[in-house]
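What follows is a set of notes on a single structure, which appears directly below.
Protein chains: 2
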Amino acid sequence: MAGVTLNQARKNFLLGSLQDEDLRRVINKLEPVSLSLGEVLYESGDHLEFALFPTTAVVSLLYLMENGGTAEIGIIGNDGILGVALFLGGDTTTSRAIIQSAGEGLRMKPKDLIEEFGRAGRFQDLLLRYTQAIMTQISQTAVCNRLHAVEVQLCRWLLLSHDRLDSDTLVMTHDLISNMLGVRREGITLAAKKLAAKKFIKNSRGTISIVDRKGMEDAACECYEIVNSEYNRLLGRGISRTFA
Amino acid sequence: MAGVTLNQARKNFLLGSLQDEDLRRVINKLEPVSLSLGEVLYESGDHLEFALFPTTAVVSLLYLMENGGTAEIGIIGNDGILGVALFLGGDTTTSRAIIQSAGEGLRMKPKDLIEEFGRAGRFQDLLLRYTQAIMTQISQTAVCNRLHAVEVQLCRWLLLSHDRLDSDTLVMTHDLISNMLGVRREGITLAAKKLAAKKFIKNSRGTISIVDRKGMEDAACECYEIVNSEYNRLLGRGISRTFA
DNA sequence: ATATTTCGGTGCGTTATCGCACAAAACACA
DNA sequence: TGTGTTTTGTGCGATAACGCACCGAAATAT
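Residue numbers (our numbering), protein chains in the order written: chain A, 1 to 244; chain B, 245 to 488.
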């Protein structure tokens, strides 16, 4: 039985914020998983079979509408946990969880997560704080969807994704991004071209590379910074690369 | 000292879902308050001084953007509680809470709320489930903002507000609604006129009356029904008037 | 009773995004 | 090397919402 090591677990910041004592206990309930691009972890209304602590994978929470449109409400990476509905008591949610960037994660059985939550210790505290953080991200997405233009939203989205990745290169087609932002593919192509013209990103078939992180942050709408600093505040440190 | 009665407290569905035993204990920590239209309960970033269980008042969670735009992320009435950030551990949030419809509520000190949450009983369970419910509302608002037209969104918003009111008449100017939906005042005037032409609502200066509830539900985007049934599922019953 | 303010109705040119169509480029693979 | 597929680039008319300007009606204040 290959157990999960402390160092492996610490790649997820939520787990990494636990004291050694707590982490050693929690670790026994974790199981490593590999996740591939486009993999659907659960559909809207599905009974959640596992909670997931991403280490290198990135997950999108996506809504599908009757008219065929889609839009993302939040991004979860090594900063968080997928499956807050388990300890909130709802068990299912109305969103789809889909792998936006392939990678690894650690999963935990619902029963174990709920048991750990019930200990009312540091782990519960972290889970609740993360719940507020993701709520902030979703809320900011809501207003951003209403009030900001596609180009600045693309910046926000690329930054949020970049923060959750090891690499400066995102494996992403314009089409995929357009599904996340809920806009036309052509809208992304156009916005990406403009950002490339400003030398903030490099655009090639199927990938986008961040080449001027600072430029991107300046070009993004306020929403990115608001969400980022709220993650900092709530979870002790952000995952922004600005000062990394 | 006029204590809060069980019947008063039960006007808030969250409190009303408690067993008598629990409610009797909680009730001693509640204090009645009157809330007037437009009153700001807290600003973005404010330390929360109280949690609020609305009984007849309705609260909007509003975001203010740098460009002067505003948009609502959620509506809280007698179905819920204002101040989940207190037990989630964040203490502050990035939204403004403003009274959308004048009325009464019961407030509780942060310390008391946290203490009750810490008992890990039925009250904690309800608070967590409500957290998921409001998350669903916010999420659906996010995608609705992206993918749906103003007229159907206005239906959704009127229905959500109607559900949380005793009356069929909403005291609301088009301007106020436009701030909530994050669109132009003229856009609301136009959409409201269309709905009035279909005999779903009656439009007079400063008020909008729902005259054909069923018609409104059919005219609204799917978002209303999704949120409503999720509230049903999570909190045991909805607050929709459909079967009232 | 009159003046002032608030709110709703309407018109009009502007802008962002959409929907569709199609071509060019990059890539995959036989 | 050639062929099919995926992805990106581009054009263009349609549409929804915007910003602004102004008017009139309704409510409120003096």
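All residues carry an ideal CB built from backbone N, CA and C; glycine is no exception.
Of all alpha-carbon atoms in A/A9, A/T55, A/Q124 and A/Q137, the one lying nearest the alpha-carbon of B/S339 is that of A/Q137. Judged by DSSP in its simplified three-state form, B/V270 adopts helix. When the beta-carbon positions are compared, A/Q153 and A/L170 stay at least 8 Å from each other. Taking all protein chains in view, the Cβ of A/R164 is crowded by 16 or more other Cβ atoms within 10 Å, so the residue is classified as buried. Close to B/T385, with beta-carbon spacing below 8 Å, are these residues of chain A in chain order: A142. Residue-level contact check: A/Y231 does not touch chain B, since none of the beta carbons of chain B fall below 8 Å from its beta carbon. Within chain B, the residues whose beta carbon sits less than 7 Å from that of A/I226 are T338, listed in sequence order. Its chain contains H418, I421 and S422 as the residues whose beta carbon lies nearer than 6 Å to that of B/I432, once the 5 sequence neighbours on both sides are disregarded; these appear in chain order. Within the region 425–448 of chain B, the residues whose Cβ lies closer than 9 Å to any Cβ of chain A are, in chain order, L425, G426 and V427.
In the three-state reduction of the DSSP assignment, B/T413 falls in the strand class, which pools E and B. Taking the beta carbon of A/L88 as reference, the chain B residues within 7 Å of it are L372, R373, T375 and Q376, listed in sequence order.
The beta-carbon distance between A/A142 and B/I378, rounded to whole angstroms, is 12 Å. This is too long to meet the 8 Å contact definition. DSSP places B/L296 inside the beta strand (DSSP E), whose first and last residues are A295 to P298.
Inter-residue distance for B/E461 and A/L234 is about 39 Å (C-alpha atoms, whole angstroms).
Within the same chain, Cβ atoms closer than 6 Å to the Cβ of B/V394 are found at V427, G431 and A435, the five residues on either side in sequence being excluded.
For A/A120, at least one C-beta of chain B is nearer than 8 Å to its own C-beta. Listed in chain order, the beta strand (DSSP E) runs fully inside the region 378–427 of chain B are 413–415, counting runs of at least 3 residues. B/M352 is positioned such that its CB atom lies closer than 8 Å to that of B/L274. Cα atoms of B/A464 and A/S167: separation of roughly 43 Å, rounded to the nearest angstrom. Taking 8 Å as the upper bound on Cβ-Cβ separation, chain B lies near no residue of the region 4–18 of chain A.
Of the residues B/L296, B/S280 and B/G313, the one whose Cα lies closest to the Cα of B/I271 is B/L296. Only buried fits B/N322, as 16 or more other CB atoms lie within 10 angstroms of its CB. Distances from the alpha-carbon of A/N228 to those of A/R146, A/D91, A/I208 and A/I75 put A/I75 closest. Assignment of beta-bridge partners to B/M352 by DSSP yields B/L274 and B/A295.
The beta carbon of A/T56 is closer than 6 Å to those of G103 and E104 in its chain, skipping five residues each way along the sequence.
Scanning chain A for C-beta atoms nearer than 7 Å to the C-beta of B/R390 yields A71, N145 and G182, reported in chain order. For B/S453, the uninterrupted beta strand (DSSP E) segment begins and ends at T451 to I454. A direct Cα-Cα distance of roughly 6 Å separates B/D335 from B/L292. The C-beta distance from B/L350 to B/A441 rounds to 41 Å, too long to meet the 8 Å contact threshold.
Beyond the five residues adjoining it in sequence on each side, B/S280 comes within less than 6 Å, by CB distance, of A346 in the same chain, given in chain order.
By the neighbour-count criterion, in which 16 or more other beta carbons inside 10 Å mark a residue as buried, B/E360 falls on the buried side.
Take A/T207, set aside five residues on each side of it, and the residues of its chain with a beta-carbon closer than 6 Å to its own are T169 and V171, in chain order. For B/E310, the neighbours in chain A by C-beta distance under 7 Å run, in chain order, E222. In this structure A/G118 is exposed. Its beta-carbon is surrounded by fewer than 16 other beta-carbon atoms within 10 angstroms. Excluding residues up to 5 positions away in sequence, I271 and N272 lie with their Cβ nearer than 8 Å to the Cβ of B/G247 in the same chain.
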